[in-house]
Structures are given as C-alpha cells and as structure tokens.
Amino acid sequence: MHISPVLWQFLVKWLHASALFPAEASTIAPWMDALYFFLLAMTVVGVILVGALLLAFSLMYRKEKNPVATHIEGSTLLEATWTIIPLAIFLVCFVWGALLYFRIYSPPVNAMNIYVVGKQWMWKAEHPGGQHEINALHVPTGKPVQLTMISQDVFHSFSIPDFRVKREVIPGRYSTVWFEATTPGTYHIFCTQYCGTQHSGMIGEVTVLTPDDYDKWTKESTSGMSLAQNGERLFASMGCNACHSGTAAARGPNLAGVYGSKLTLTNGSQVLVNDAYLRDAILNPSQHVTAGFAPIMPTYQGQISEDGLIDLVEFIKTMPNNYRVQQTLVTSQSDQTTPAAPGMVK
Ligand code: HEC
Ligand SMILES: [Cu+2]
11 MHISPVLWQF LVKWLHASAL FPAEASTIAP WMDALYFFLL AMTVVGVILV
61 GALLLAFSLM YRKEKNPVAT HIEGSTLLEA TWTIIPLAIF LVCFVWGALL
111 YFRIYSPPVN AMNIYVVGKQ WMWKAEHPGG QHEINALHVP TGKPVQLTMI
161 SQDVFHSFSI PDFRVKREVI PGRYSTVWFE ATTPGTYHIF CTQYCGTQHS
211 GMIGEVTVLT PDDYDKWTKE STSGMSLAQN GERLFASMGC NACHSGTAAA
261 RGPNLAGVYG SKLTLTNGSQ VLVNDAYLRD AILNPSQHVT AGFAPIMPTY
311 QGQISEDGLI DLVEFIKTMP NNYRVQQTLV TSQSDQTTPA APGMVK
C-alpha cells in the first residue's frame, strides 16, 4: 500500500503552512494522518448524509403535503443496509488503528535506545554514551529511536506532535515509544498530562540531525563516562558485585548475558528479562526469585535514583562485553548454562 505522494505532500504542506497541522517529520506521521483523514472524511460524509436526509424529509413530509401522518412498516433491507455499511466502516477503522498501534508500540530490534526521565517540571534525556540533556533531545534521521521513559514523581506524558508520538510516563514503570525522524530541524516536546502548576512549562525541543551531524554532536557532548560505565561504578560501590561476582561460588546469579534471556523463577513461571524486569529485580527482589537461589538479595528501594537505576540497567545489559568485575571468567560468553546461573534459559 502506498500513499499518493504528490497529492499528499500538497495537502499536508498546505495544512501545515496554514498552521492547522503539525509537520510530518517521522516515518509514522503520514500513516497516522491517513487514518486521521479517513476518520475526518467519514465524519464529513456522515454529517452531510444525515443533514441532507433531515432537510429532504422535513420538506417532503411537511404539513401541507402530508396532513395525516402515515404509518410506515419497517424495512429489513433498509435496516440491514444502515447496519452493515457503518459496521464495515468501523471495522476498517478498528483494523487500521490496531495495525498502527502495533507498529507504534513495537520498536524495531535495531532501534537505538535513549532513556528519558520526567520530573516536575522537566525532561531529562540520557544517551547510552553518557550524553545528558535537559528539555532537549538530539536524534539522527533515518534511524529508529526508542525512548525508554520513566517518571521520578507524578504521571507525565511525553509527546512530539510532529512525529505523531505520545506516551504516558509513569512513576515506577518504564514505558517506551519509538519513532524514526525523517527531516532535520527542531520540533516541540510537550508534556500532555496535567502534572502540577508548571505543567505548561514542561516543554522542550527535539533536534533532528543528519547522521553525520549527529555523530559530531555525540562526540562533542560526551561527558566522558557512558551510562554503562557509571553503572559499573555503582555496581561496585553498592556492593552488588559481592553476590554477583560471576564466580561459581557467588551467592547471586551471574548477570552477564541475563538481559534478553528467559529466567525461570522459583514459582515455576518464566519471565523475559528486559529493562523493566531488571529495574524491578533490583527494587523488589523478593517479588520474583530466580529458581535455584535463596531470596537473600536486599531491596534497594529508596536507595537509588531513577538515573542510577538506568545506569545499572545499562551496565547489566552490556555486561557480556564489559564485565570487568570478573574479567578472568569468560564462561559468561558461552551459551551453556554455567553452574552459577541454573535459572537461566537461553
Ligand atoms: C546479598 C547478595 C546480593 C546482593 C548484595 C545483590 N544481589 Fe542481586 N541477586 C541475589 C540473588 C541471590 C538473586 C537471585 C534470587 C532473586 O531473584 O532474588 C539476585 C537476583 C538479581 C537480579 C535478577 C536477575 C537474575 O539473574 O536472577 C538482578 C538484576 C540483580 N540481582 C541485580 C543486583 C544489583 C544491581 C545489585 C546491587 C544494587 C544486587 N543485585 C545486589 C543476590 C544479591
Ligand atoms: Cu508533566
């Protein structure tokens, strides 16, 4: 399926120029707009149809023409028609919307990940390379970007109208959204959930750069330490490595390679280890104990900020390649289950 490019460009450019519409600056935007226009068109057709019939009937059956009310028996054909046609239209909207929904909420595997922490009243973006930005976000064109977002206080909602993306940012839980920017330029970021007195000031700017400019920006704005390196420091300073040293004698499982794997828990259920699971495993270890281990891990609730958690998660994610805590032990590289991690299924 393809959207007629020339007509489309004309329509959208005109709407944008007349300030009726945000720019279309992501790959998903034309698809969202197509559905939007379809809904708009169906609504217009409905309004015209109902309005015209209303007018026609009130003329046809006015008092002079029709002094005595006629009793009209029902018509199955008519009933069926006005049931089936709207049903078909609604089903089209549903399927179309569902397809878009799945596309928007399942990021491609090659997406680059950027963390976003929302708090009253600002957006903080953290790039894996360690670049931090406040109320700003730099992304390249032509590459899917996934945002892993969390709130440090109340509910917020992250929205970039020009990309047609928006998602709730929730305290205590990662939510994600992804987009692929198409056009270099700057675009608005909004918080679209009322979150306190200065909610309207919780805004920012996305800067979309060409891949070359983006590389330049990445190099210029690096803070020297990647998130994973910060996480590695935390891992040592918080004493995680005491139990997660990666050795066979360790009291905790070897965390290298755990990201993306399926863990079996003591209650027999299986879980996929993603960002959310890692975060939760650190804050509520007793909620899901890995099979083969004692529930001895202390909770770190209240002892570590969302930023710190992101650093730890990023460190654990990248562990197979930089597990310096136990560099001598390379068993983590192999796929076979090490004795230290009996609960791990690849
Ligand atoms: C007292 C020992 C101990 C300390 C300290 C400890 N852990 Fe654990 N950890 C465990 C044990 C045992 C398990 C497995 C049982 C469970 O899930 O609770 C575990 C499980 C985990 C898991 C779940 C993944 C898996 O393979 O089971 C993660 C992630 C984790 N720990 C990270 C950390 C981090 C990060 C720290 C430091 C902030 C830390 N742990 C500190 C003992 C410890
Ligand atoms: Cu907000």
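Each residue of the sequence shown is one higher than the one before, counting from 11 in this note's numbering.
Cβ atoms here follow ideal geometry from the backbone N, Cα and C, with glycine treated the same way.
Being a predicted model, the structure only gives us computed values, none of them experimental.
Terminal residues of the beta strand (DSSP E) in which residue i lies
i           : result
residue 177 : 175-179
residue 198 : 195-201
residue 190 : 185-190
residue 272 : 272-274
residue 282 : 280-282
Residue i: CB within 8 Å of a non-hydrogen atom of ligand 1
i           : result
residue 279 : no
residue 252 : yes
residue 243 : no
Chain-order list of residues whose beta-carbon lies under 6 Å from that of residue i (same chain, five-residue window excluded)
i           : result
residue 163 : 129, 130
residue 66  : none
residue 241 : 321, 322, 324, 325
residue 298 : 275
Which of helix, strand or coil DSSP assigns to residue i
i           : result
residue 150 : strand
residue 112 : helix
residue 82  : coil
residue 214 : strand
residue 165 : coil
Any non-hydrogen atom of ligand 2 closer than 8 Å to residue i Cβ
i           : result
residue 128 : yes
residue 360 : Here the chain comprises residues numbered 11 to 356, so residue 360 is not present and cannot be evaluated.
residue 159 : no
residue 248 : no
residue 131 : yes
First and last residue of the uninterrupted alpha helix (DSSP H) at residue i
i           : result
residue 253 : 250-253
residue 239 : 237-247
residue 130 : Counting along the chain, residue 130 falls outside any alpha helix (DSSP H), and DSSP gives it neither H nor E.
residue 26  : 15-27
residue 68  : 39-70
residue 143 : Not the alpha helix (DSSP H): residue 143 falls in the beta strand (DSSP E), residues 142-144.
residue 229 : 221-230
residue 321 : 316-327
residue 292 : 285-293
Proximity test, residue i beta-carbon vs ligand 3 heavy atom, cut-off 8 Å
i           : result
residue 205 : Ligands displayed in this structure: ligand 1 and ligand 2; ligand 3 is not among them.
Supposed contact pair residue j and residue i - C-beta distance, whole angstroms, cut 8 Å
i           : j           : result
residue 233 : residue 200 : That pair is no contact at about 27 Å.
residue 147 : residue 214 : 7 Å
residue 173 : residue 35  : 6 Å
residue 175 : residue 196 : That belief does not hold up - the Cβ atoms of residue 175 and residue 196 are roughly 16 Å apart, past 8 Å.
residue 45  : residue 92  : No, residue 45 and residue 92 are not in contact; Cβ-Cβ is about 24 Å, not under 8 Å.
Own chain residues within Cβ distance below 8 Å of residue i, not counting five before or after
i           : result
residue 236 : 138, 139, 140, 324
residue 329 : 265, 266, 267, 268, 269, 342
Beta-carbon contacts of residue i that lie in its chain and below 7 Å, excluding the five residues immediately before and after
i           : result
residue 121 : 154, 155, 156, 188
residue 293 : 309, 310, 311
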